[in-house]
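To start, the structure under review is shown below, and the notes come after it.
There are 2 protein chains.
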Amino acid sequence: MSVQERKQRERAERERLIVATARELAEQQGWDAVTTRRLAERIEYSQPVLYSHFRGKREIIGAVALEGATEMAAALRAAASAADGPRARVTALARTYLDFAERNPAVYDALFRLDGGLAFAHEDTPEPLKDGFAALLESLGEVSGDGVDPGLFTETFWAALHGLVTLTRARRLPPEDTERRVKLLVDRLPAV
Amino acid sequence: MSVQERKQRERAERERLIVATARELAEQQGWDAVTTRRLAERIEYSQPVLYSHFRGKREIIGAVALEGATEMAAALRAAASAADGPRARVTALARTYLDFAERNPAVYDALFRLDGGLAFAHEDTPEPLKDGFAALLESLGEVSGDGVDPGLFTETFWAALHGLVTLTRARRLPPEDTERRVKLLVDRLPAV
DNA sequence: CTCGAATGTCTAGCGGTGCTAGAATCGAGC
DNA sequence: GCTCGATTCTAGCACCGCTAGACATTCGAG
Numbered sequence: 000m001s002v003q004e005r006k007q008r009e010r011a012e013r014e015r016l017i018v019a020t021a022r023e024l025a026e027q028q029g030w031d032a033v034t035t036r037r038l039a040e041r042i043e044y045s046q047p048v049l050y051s052h053f054r055g056k057r058e059i060i061g062a063v064a065l066e067g068a069t070e071m072a073a074a075l076r077a078a079a080s081a082a083d084g085p086r087a088r089v090t091a092l093a094r095t096y097l098d099f100a101e102r103n104p105a106v107y108d109a110l111f112r113l114d115g116g117l118a119f120a121h122e123d124t125p126e127p128l129k130d131g132f133a134a135l136l137e138s139l140g141e142v143s144g145d146g147v148d149p150g151l152f153t154e155t156f157w158a159a160l161h162g163l164v165t166l167t168r169a170r171r172l173p174p175e176d177t178e179r180r181v182k183l184l185v186d187r188l189p190a191v
Numbered sequence: 000m001s002v003q004e005r006k007q008r009e010r011a012e013r014e015r016l017i018v019a020t021a022r023e024l025a026e027q028q029g030w031d032a033v034t035t036r037r038l039a040e041r042i043e044y045s046q047p048v049l050y051s052h053f054r055g056k057r058e059i060i061g062a063v064a065l066e067g068a069t070e071m072a073a074a075l076r077a078a079a080s081a082a083d084g085p086r087a088r089v090t091a092l093a094r095t096y097l098d099f100a101e102r103n104p105a106v107y108d109a110l111f112r113l114d115g116g117l118a119f120a121h122e123d124t125p126e127p128l129k130d131g132f133a134a135l136l137e138s139l140g141e142v143s144g145d146g147v148d149p150g151l152f153t154e155t156f157w158a159a160l161h162g163l164v165t166l167t168r169a170r171r172l173p174p175e176d177t178e179r180r181v182k183l184l185v186d187r188l189p190a191v
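Heads up: the protein sequence lines correspond to chains A and B, in order.
If you're matching positions, the first sequence starts at 0 in numbering that gives the first Met the number 0 and goes up one per residue.
If you're matching positions, the second sequence starts at 0 in numbering that gives the first Met the number 0 and goes up one per residue.
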């Protein structure tokens with residue numbers, strides 16, 4: 000028994016190592032640099048070992064996304080709870096969102112740009128993802144205004160932030176004015 | 000002379016064929032399916048011929064993007080000029096933007112998601128791209144409101160639309176409520 | 001009209017990718 | 001110490017973007 004338990008523990012540990020290494024490599028050099036060969040070399044195992052933990056690269060991206068979602072939700076909630084009043088919460092939330100995206104570009108990509116094989120906005124969406132959206136909803140829902148569904152408002156505000164993140168990162172928007180763009184969103188979209 | 004002219008014409012014609020074929024293939028099966036081998040086969044030349052026209056795949060994406068930018072600008076201007084009054088223009092503009100993105104996903108990706116080696120928001124940005132942004136600015140600039148730079152307002156509104164497009168396409172947002180999300184943006188972001 | 005040079009296009013190949021079949025090794029339990 | 005199942009590895013597949021160098025074709029000069 001104990002032997003099997005130890006093996007299971009070691010296996011779980013190795014799985015964490017794979018995810019952590021993939022994330023680290025992606026943050027350092029971008030997801031394109033996360034090849035199964037490089038990843039295998041970094042964890043000091045051969046390539047096929049990766050496939051005994053994950054179906055393929057896509058699932059590894061998905062694992063990084065789930066990890067990131069939990070962190071992002073926590074960051075958003077921390078920022079929101081530190082702010083006073085609905086408007087201040089929205090401002091804090093937006094800043095924290097952009098800040099997270101900027102500090103963790105690879106995680107952000109895994110979450111919202113790449114295909115990690117995860118279901119979104121669906122009943123079988125993994126809990127961390129639902130919870131991330133919930134964290135947004137908690138602060139944004141209270142400023143959606145009469146006649147506007149809080150969920151829909153949250154989706155729209157989120158999309159606006161996501162647009163800022165992706166266009167800026169893709170060098171379609173100059174980064175200098177981000178703060179002013181966020182201010183515009185925060186000033187006008189909420190119903191108060 | 001005439002011989003050289005004919006050759007140049009044929010060469011230009013072949014270049015158009017490459018771009019059109021790449022675009023077609025990308026719209027049919029996504030950009031991942033646009034490999035140099037497949038593309039070469041479809042135009043009935045060998046791979047190296049592609050490299051006598053373009054530095055690489057990236058430049059082919061860039062060429063498709065430029066073509067698409069011109070079309071998009073035209074579509075946006077047509078929609079705007081058919082609408083009556085600033086608010087109606089903004090609504091028409093937003094709908095046309097999303098419609099273009101939905102009808103031409105590969106072109107949209109070439110423009111705003113992929114690396115086509117093009118400079119944006121810069122002095123040496125290619126004319127079609129500048130013109131596309133100008134088409135947005137013409138309608139959005141008039142509703143930016145006092146104290147808000149029209150360019151900045153346009154960027155922000157654009158980013159919101161882009162966020163809707165990409166999150167919906169990436170299956171992060173359910174597609175059904177797009178219309179209501181757009182309404183929210185159009186109702187709240189403009190200063191009137 | 002011929003022939004060398006320039007131009008154009010091709011075949012073949014490089015080092016890389018994600019992924020996998022089957023051989024080799026390891027270690028637990030008798 | 002041995003056996004046998006689980007684990008890990010080596011080697012390889014088909015594909016990728018890209019390119020060197022061979023080959024064919026066309027052109028211009030004599």
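Think of the CB as a built atom: it goes at the ideal place given N, C-alpha and C, for glycine as much as any other residue.
Considering only the alpha carbon of each residue, which of the options lies closest to residue i?
{"i": "A:Pro85", "options": "A:Thr35, A:Arg5, A:Glu141 and A:Arg179", "result": "A:Glu141"}
{"i": "A:Gly105", "options": "A:Asp186, A:Asp130, A:Ala19 and A:Arg5", "result": "Rather than Gly, the amino acid found at residue 105 of chain A in this sequence is Ala. Of the candidates A:Asp186, A:Asp130, A:Ala19 and A:Arg5, the one whose C-alpha sits nearest the C-alpha of A:Ala105 is A:Ala19."}
{"i": "A:Ala62", "options": "A:Ala100, A:Ala120 and A:Leu110", "result": "A:Leu110"}
{"i": "B:Lys56", "options": "B:Ala68, B:Ala77, B:Glu137 and B:Thr34", "result": "B:Thr34"}
{"i": "A:Phe156", "options": "B:Leu166, B:Leu151 and B:Thr153", "result": "B:Leu166"}
{"i": "B:Leu135", "options": "B:His121, B:Leu75, B:Glu66 and B:Glu70", "result": "B:Leu75"}
{"i": "B:Thr153", "options": "A:Ser143, A:Glu137 and A:Leu183", "result": "A:Leu183"}
{"i": "A:Ala64", "options": "A:Val191, A:Gly115, A:Ala120 and A:Ile17", "result": "A:Gly115"}
{"i": "B:Ala77", "options": "B:Ala25, B:Ser138, B:Glu58 and B:Gly144", "result": "B:Ser138"}
{"i": "B:Phe53", "options": "B:Ser143, B:Glu122 and B:Ile17", "result": "B:Ile17"}
{"i": "A:Ala73", "options": "A:Arg36, A:Thr124, A:Glu9 and A:Asp130", "result": "A:Asp130"}
{"i": "A:Val181", "options": "A:Tyr44, A:Ala91 and A:Ile60", "result": "A:Ala91"}
{"i": "B:Pro189", "options": "B:Arg37, B:Pro149 and B:Glu122", "result": "B:Pro149"}
{"i": "B:Ile59", "options": "B:Glu14, B:Thr124, B:Asp98 and B:Glu70", "result": "B:Glu14"}
{"i": "B:Arg179", "options": "A:Arg8, A:Val164, A:Glu178 and A:Leu151", "result": "A:Leu151"}
{"i": "B:Asp98", "options": "B:Met71, B:Arg36 and B:Ala39", "result": "B:Met71"}
{"i": "B:Ala68", "options": "B:Gln27, B:Gly162 and B:Glu126", "result": "B:Glu126"}
Run through chain A and tell me which residues come within less than 9 Å of residue i, C-beta to C-beta.
{"i": "B:Gly162", "result": "Thr155, Trp157, Ala158, Ala159, Leu160, His161, Gly162, Leu163, Val164, Thr165 and Leu166"}
{"i": "B:Leu188", "result": "Ala159, Leu183, Leu184, Arg187 and Leu188"}
Give the DSSP-derived three-state secondary structure of residue i in the structure shown.
{"i": "B:Gly275", "result": "Only positions 0 to 191 of chain B appear in this structure, which leaves residue 275 of chain B out of reach."}
{"i": "A:Leu188", "result": "coil"}
{"i": "B:Asp130", "result": "helix"}
{"i": "A:Ala39", "result": "helix"}
{"i": "A:Ser45", "result": "coil"}
{"i": "B:Leu110", "result": "helix"}
{"i": "A:Val194", "result": "Outside the modelled stretch of chain A, which goes from 0 to 191, sits residue 194 of chain A, for which no answer is possible."}
{"i": "A:Arg54", "result": "coil"}
{"i": "A:Thr90", "result": "helix"}
{"i": "B:Glu122", "result": "coil"}
{"i": "A:Leu117", "result": "coil"}
{"i": "B:Met0", "result": "Here the model assigns B:Met0 a pLDDT of 47, short of 50, so the residue's position is not dependable and the matter cannot be decided."}
{"i": "A:Gly150", "result": "helix"}
{"i": "A:Leu268", "result": "As shown, chain A starts at 0 and ends at 191. That puts residue 268 of chain A outside it, with no answer to give."}
{"i": "B:Pro104", "result": "helix"}
{"i": "B:Pro173", "result": "coil"}
{"i": "A:Gly61", "result": "helix"}
{"i": "A:Ala158", "result": "helix"}
Taking all protein chains shown into account, do 16 or more other C-beta atoms lie within 10 angstroms of the C-beta of residue i, making it buried, or fewer, making it exposed?
{"i": "B:Tyr96", "result": "buried"}
{"i": "A:Arg22", "result": "buried"}
{"i": "A:Glu175", "result": "exposed"}
{"i": "A:Tyr50", "result": "exposed"}
{"i": "B:Val185", "result": "buried"}
{"i": "A:Gly29", "result": "exposed"}
{"i": "B:Pro47", "result": "exposed"}
{"i": "A:Ala81", "result": "exposed"}
{"i": "B:Gly146", "result": "exposed"}
{"i": "B:Val89", "result": "buried"}
{"i": "B:Met0", "result": "The predicted model places B:Met0 with a pLDDT of 47, which falls under 50 and marks its position as unreliable, so this point remains unresolved."}
{"i": "A:Ser143", "result": "buried"}
{"i": "B:Ala11", "result": "exposed"}
{"i": "B:Val191", "result": "exposed"}
Give the C-beta separation of residue i and residue j to the nearest angstrom, bearing in mind that I take them to be a contact with Cβ-Cβ under 8 Å.
{"i": "A:Leu160", "j": "A:Ala93", "result": "6 Å"}
{"i": "A:Arg112", "j": "B:Ala169", "result": "7 Å"}
{"i": "B:Tyr107", "j": "B:Ala118", "result": "Their Cβ separation, rounded to whole angstroms, is 19 Å, which puts B:Tyr107 and B:Ala118 out of contact at 8 Å."}
{"i": "A:Arg37", "j": "A:Leu24", "result": "7 Å"}
Given that residue i touches chain B, what residues does it touch there, using C-beta distances under 7 Å?
{"i": "A:Leu184", "result": "Thr155"}
{"i": "A:Val147", "result": "Leu183"}
What does residue i touch in chain A if you count any residue whose Cβ is under 7 Å from its own?
{"i": "B:Arg57", "result": "Result: empty, since nearest Cβ-Cβ is about 13 Å, beyond 7 Å."}
Could you name the residues of chain B that residue i contacts, counting a contact when the two beta carbons are closer than 8 Å?
{"i": "A:Asp176", "result": "Leu151 and Glu154"}
Along chain B, which residues have their Cβ under 9 Å away from the Cβ of residue i?
{"i": "A:Arg112", "result": "Arg112, Thr165 and Ala169"}
{"i": "A:Ala120", "result": "Arg170, Arg171, Leu172 and Pro173"}
{"i": "A:Arg41", "result": "Simply none; closest approach about 26 Å."}
I want to verify the contact list: residues of chain A whose CB lies under 8 Å from the CB of residue i, in sequence order.
{"i": "B:Arg180", "result": "Leu151, Glu154, Thr155 and Ala158"}
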